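Quick note on the numbering used here: the sequence shown kicks off at 11 and runs consecutively.
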Amino acid sequence: MVEQALLDIQNLEVSYGATQVLWGVTLSVERGQIVCLIGSNGAGKSTTLNTVIGMLKVRKGSLFFKQENISQLPPRERVKRRMTLVPEGRQLWPKMSVEDNLLMGAFPSAFRKNAPANLSRLYDMFPRLRERRHQLAGTLSGGEQQICAIGRGLMAEPELLLLDEPSLGLAPKAVDEIFEVVRRISQAGVTILLVAQNVNYALQISEYGYLMEAGKITLQGSSASLLGNDYVRQAYLGSS
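Right, dumping it as structure tokens:
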């Protein structure tokens, strides 16, 4: 276990039925960092996040959060320990208002008493959500829906926020805005593990990165070093 790591994953193996999809994945996230997990579609990045939050079972290996082995805990217990996943595709309730979607993030009883105060802080951080609070979530733009999904995740007061492809399918201007939102959340003291196919953005915003290919970590290092790595540049950034 990596000393002082907020999240420490050791030799993780995960299967879908008889098909193994993660092979000996080891990574750590130190408190206060933005760490990115990059790679192509199907590499196992989302599987890793879904295993961290408890939606998929650990076949082998271990997960430590705040030095506690959480490998066998159900998702609700991981959320109680201040870990939240913002899933790929946002997964909002389109016929519910923005505010009701946000309040669903505080559905666990441990967070309900603080929901009004957290909602107020969220509106201060994202004034557009306040403006749209009575609007149906399904009528928002793609970028606004993503901000709403991130805001819902923040309602559970996470120490670690797991972000799965927050910029996927968005227009370039909205992508810029989403990554600025990620930066602001980090500056507010939330540690972030970011999964992204947008390798350039992910490495620019993070301190450390892991490259995943075919269910394995094949390269890791500071984000600056990965940006300058010849293989990363050729395979993922389209440059030589």
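Virtual Cβ for every residue (Gly too), placed ideally from N, Cα, C. Please read all numbers here as calculations on a predicted model, not as lab measurements.
Exposure of Pro137, with buried meaning 16 or more beta-carbon neighbours within 10 Å
exposed
In whole angstroms, what separates the C-alpha of Leu32 from that of Glu141?
42 Å
Tell me the DSSP secondary structure of Gln30 in three-state form.
strand
DSSP three-state call for Lys70: helix, strand or coil?
strand
Distance, Cα to Cα, Ala159 vs Gly248?
31 Å
Please list, in chain order, all residues of the same chain as Glu167 whose beta carbon is under 8 Å from its beta carbon, the five residues on each side excluded.
Arg92, Phe121, Asn124 and Asn128
Length of the line joining the Cα atoms of Arg193 and Phe117:
26 Å
Across which residues does DSSP place Asn79 in a beta bridge pair?
Phe74
Check Thr61 in the structure and name its three-state DSSP category.
helix
Which term fits Asp240, buried or exposed, when burial requires 16 or more other beta carbons within 10 angstroms of its beta carbon?
exposed
Hey, how far is the Cα of Ser196 from the Cα of Leu204?
11 Å
Among residues of its own chain, excluding the 5 on either side of Gly54, which ones have a beta-carbon nearer than 6 Å to its beta-carbon?
Val31, Leu32, Met222 and Gly225
Can you tell me which of the three DSSP states Gly219 falls into?
strand
Taking 8 Å as the limit between beta carbons, can you name the residues of its chain near Gly152, skipping five residues before and five after?
Gly179, Leu180, Ala181 and Ala184
What residue does the alpha helix (DSSP H) around Ser130 start on, and which one ends it?
Ala125 to Met135
Could you tell me whether any Cβ in chain D is nearer than 8 Å to the Cβ of Ile80?
Although the question refers to chain D, the structure presented lacks it and comprises just one protein chain.
Taking its Cβ as the centre, do 16 or more other Cβ atoms sit within 10 Å of Pro176, making it buried, or is it exposed?
buried
Count the other CB atoms within 10 Å of the CB of Ala28; is the residue buried (16 or more) or exposed (fewer)?
exposed
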